[in-house]
Amino acid sequence: MSQWFAIALIGSFMNFATFFQSNLLDSTTILLLVAVLVTLVVFTALGQYLKRQPEIAIDQAIIRTFNNRVIAWLTIFVVLTITMTLPQVVTVVFFGVISFWALREFITMTPTRRGDHRTLFWVFFLFTPFQYYMVARLNSGAFDWYAMYTILIPVYASLFIPGRIAFTGDSKRFLERTAKIQFGLLICVYALSHAPALLYLNLGQYNPTTGVKEIWAGKTGGLLLFLIVMVQFSDMVQFIWDRLIGKHVIAPSVNNTRTWEGLIGAACLTGLFGMLVQLVLPVTPFTWYGSGVMALLISIMGSSGKMTMSAIKRDRGIEDYGTLVHGHSGVLDRIDSVCFAAPIFFHVTRFFLSVG
Amino acid sequence: MKQVSIAVLTMLAKFFSGATVRWVGCMPDECQRVYFANHTSHLDALVLWSSLPKNVRVLTRPVAAKEYWSGGPVRRYVSSLFNPLLIDRKQVKVHDSPIDLMIREMGTTYSLIIFPEGGRNPSGETLEFKSGLYYLGKKRPDLELMPVYIDNLNRVMPKGEFWPVPLLSSISIGAPIWLEPGESKQDFLTRARQAVLDLKEG
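Here the protein sequences come in this chain order: A and B. The first sequence lines up with residues 1 to 356 when you count with my numbering. The second sequence lines up with residues 1001 to 1202 when you count with my numbering.
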């Protein structure tokens, strides 16, 4: 009896130990990370230089926004670099914390009623941590965690939320309140959790000469890095094109700075950049054209995310999530494009390249 | 051990309330002050106390309801950590009023946190102030009366709930006011309430 107990104990310990395997980065990925960091440092320096040029033709407000963003991006990449050199589970926890914070901002902004309190409690303390727990359990243990991971929030949580609110007996604006909580959970937690889930994919790679799918030898850290780099690149190109050559505003009542020129320019340039990255530093199992298509897709999804969040902000009558409650920095403002791009990138990659 | 518990308590309070603190037109100081705030949640006293800098916090005592904080061992333990001045709202004696008790307990070192509305308004609107603040200002004209506006904490833990939901809230502390010579009780209380409400906007 006691020896079974000992075996079970050792077994669960080893199971636990698989959490802490670190194999996210190979030499190509590290080179890409270094290149990105160097570029951002150069941009930071450039921004600081422009700030000190009073007679330059560019508007000072644009330079200020540019500087804020470059510093935010630099911070994101420095933290990401540190977490990716640590065990895999650290990156998962890092994204979990970001999700939690973004959901806080989202729910703080949306008016909920007294009757939603207990539902919100479960949303914050059961569904959010459990979603990230399942990311860390993907590919391990006796259960098929992926099957639960993909449906926990779309099925279990989205039925639990209206049910629990109905039981409180407060029917005022019922559908609206339910939808707000569901949407917040879907975007801030479910969608974002696909970014660290990329690390747990088992991928193959098409051999260009034979057309046969072979096991990909690279590290999955490269996929996450590809996603974040493409999203940030797209955001940056769109920001610059909107300001410098943008003429046709897409929807002035949603966002009066986003233009068609910026959207299309960012999509095309990001696509080209995706091809270039794959040809110079192949961090993903994609072919060069596949990489271009993925980058294009990421850019379009990222722009959709920015537009969606702008629409919500305009509807609520606020400028930035950061100014929602005095003194908070807006996490949601920085991750909206990643939230939209991550699940699509994850599922397209998985659909075409997953093995076993 | 108690220091560790206090550190954990303040950390939890800050985590759940997500509170940012803004000092508007004043700075943290160890001088004797009375912080008067709008009352929206049972957490108000604890969160406001936790958000003060440590050197100020050890000198500050929230005035709290005895029947709430002496109910049950957990609340009694927590209240032993933040050193509140417990007032029995059921037995108010004429010759030993809560104001006398507050002034006696403050001595020449402590600051107080009070909620002049007396109770929490479930709708979140700020009620009319009770007269305690006026008598404090009258009997101790040297005290700095600091208006405090607590925003969104009623959503973190509404009346009657046990578990908090970790939304974001903010605490704004404004410039001190004093009782003006010859100012009537009603005028002063209206002005004090307005000072709290003004912080809501800025």
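C-beta: ideal position from N, C-alpha, C; glycine also. The structure displayed is predicted, hence computed values, not measured ones.
For A/Lys180, which of helix, strand or coil comes out of DSSP?
helix
What residue range does the beta strand (DSSP E) around A/Tyr206 cover?
204-206
Do you know offhand how far B/Tyr1068's Cα is from B/Thr1108's?
28 Å
Determine the direct distance from the alpha carbon of B/Phe1015 to that of A/Trp241, and round the result to whole angstroms.
40 Å
Please determine, among B/Asp1198, B/Pro1164, B/Thr1190, the residue with the shortest C-alpha to C-alpha distance to B/Ile1173.
B/Asp1198
Look up B/Pro1166 in the DSSP assignment and say whether it is helix, strand or coil.
If DSSP states are grouped into helix, strand and coil, B/Pro1166 belongs with coil.
Identity of the residue in A/Leu199, A/Ser354, A/Lys306, A/Pro343 nearest A/Ser337 by Cα
In this structure, A/Lys306 is the residue among A/Leu199, A/Ser354, A/Lys306, A/Pro343 with its C-alpha nearest to the C-alpha of A/Ser337.
Sequence-distant residues of its chain with Cβ nearer than 8 Å to B/Tyr1110 (five each side left out):
Gln1032, Leu1059, Thr1060, Arg1061
Checking 8 Å against the spacing of the C-beta atoms, do B/Phe1129 and B/Leu1189 come in under that value?
yes
Buried or exposed: which applies to B/Lys1002, given that a residue is buried once 16 or more other Cβ atoms fall within 10 Å of its Cβ?
Classification for B/Lys1002: exposed.
Could one say the Cβ of B/Trp1023 lies closer than 8 Å to chain A's Cβ atoms, at least one of them?
no
Where do the ends of the alpha helix (DSSP H) carrying A/Ser99 lie?
88-109
What is the DSSP secondary structure of A/Phe351, counted as helix, strand or coil?
If DSSP states are grouped into helix, strand and coil, A/Phe351 belongs with the helices.
Give a yes or no on whether 8 Å exceeds the smallest Cβ distance from A/Glu55 to chain B.
It does not; no Cβ of chain B falls within 8 Å.
Contacts of B/Pro1158 in chain A (Cβ-Cβ under 9 Å)
Correct list: Arg114, His117.
Please state the DSSP three-state secondary structure of A/Leu138.
coil
Any C-beta of chain B under 8 Å from that of A/Glu105:
yes
Looking at the structure shown, is A/Val254 part of a helix, part of a strand, or coil, going by DSSP?
Of the three classes helix, strand and coil, the one that applies to A/Val254 here is coil, per DSSP.
Extent of the continuous alpha helix (DSSP H) to which A/Leu50 belongs
For A/Leu50, the enclosing alpha helix (DSSP H) has its first and last residue at 27-51.
Contact with chain D by B/Leu1167, beta-carbon distance below 8 Å
Absent from the structure is chain D; the protein chains it does hold are A and B.
Contact residues within the region 83-108 of chain A, judged by C-beta distance below 7 Å to chain B
Cβ contacts with chain B: Arg104, Glu105, Ile107, Thr108.
Can you confirm whether the region 123-138 of chain A touches the region 209-217 of chain A when touching is taken to mean that 3 or more C-beta pairs between the two stretches lie within less than 8 Å?
no
Restricting to Cα atoms, I'd like to know which of A/Met148, A/Tyr156, A/Lys180, A/Gln205 is closest to A/Thr112.
Residue A/Lys180 is the option with its Cα nearest to A/Thr112.
CA-to-CA distance, B/Pro1028 to B/Pro1053, given in whole angstroms:
7 Å
Count the other CB atoms, across all protein chains shown, that sit within 10 Å of the CB of B/Phe1082; report buried if there are 16 or more and exposed otherwise.
buried
Would you mind telling me which residues of chain A sit closer than 8 Å to B/Glu1183, beta carbon to beta carbon, in chain order?
The contacting residues do not exist; B/Glu1183 stays about 30 Å from chain A at best.
Provide the residue span of the alpha helix (DSSP H) that contains B/Met1027, from first to last.
Run containing B/Met1027: none; DSSP gives neither H nor E here.
Cβ neighbour criterion (16 or more within 10 Å) applied to B/Arg1193:
buried
Quick one: give me the first and last residue of the beta strand (DSSP E) that B/Arg1033 is part of.
1033-1037
Is the CB of B/Phe1016 under 8 Å away from at least one CB in chain A?
no
I need the boundaries of the alpha helix (DSSP H) containing A/Lys368, first residue and last residue.
Nothing about residue 368 of chain A can be read from this structure; chain A reaches only from 1 to 356.
Reference B/Glu1030; option with closest CA among B/Glu1144, B/Ser1184, B/Arg1155, B/Arg1191
B/Glu1144
How about the region 1007-1022 of chain B and the region 336-355 of chain A: do they share at least three Cβ pairs that are nearer than 8 Å?
no
Range covered by the alpha helix (DSSP H) that runs through A/Leu297
288-316
Coarse secondary structure for B/Ser1131, derived from DSSP in three states
coil
Which value, in whole angstroms, describes the spacing of the CA atoms of A/Gln88 and A/Gly246?
41 Å
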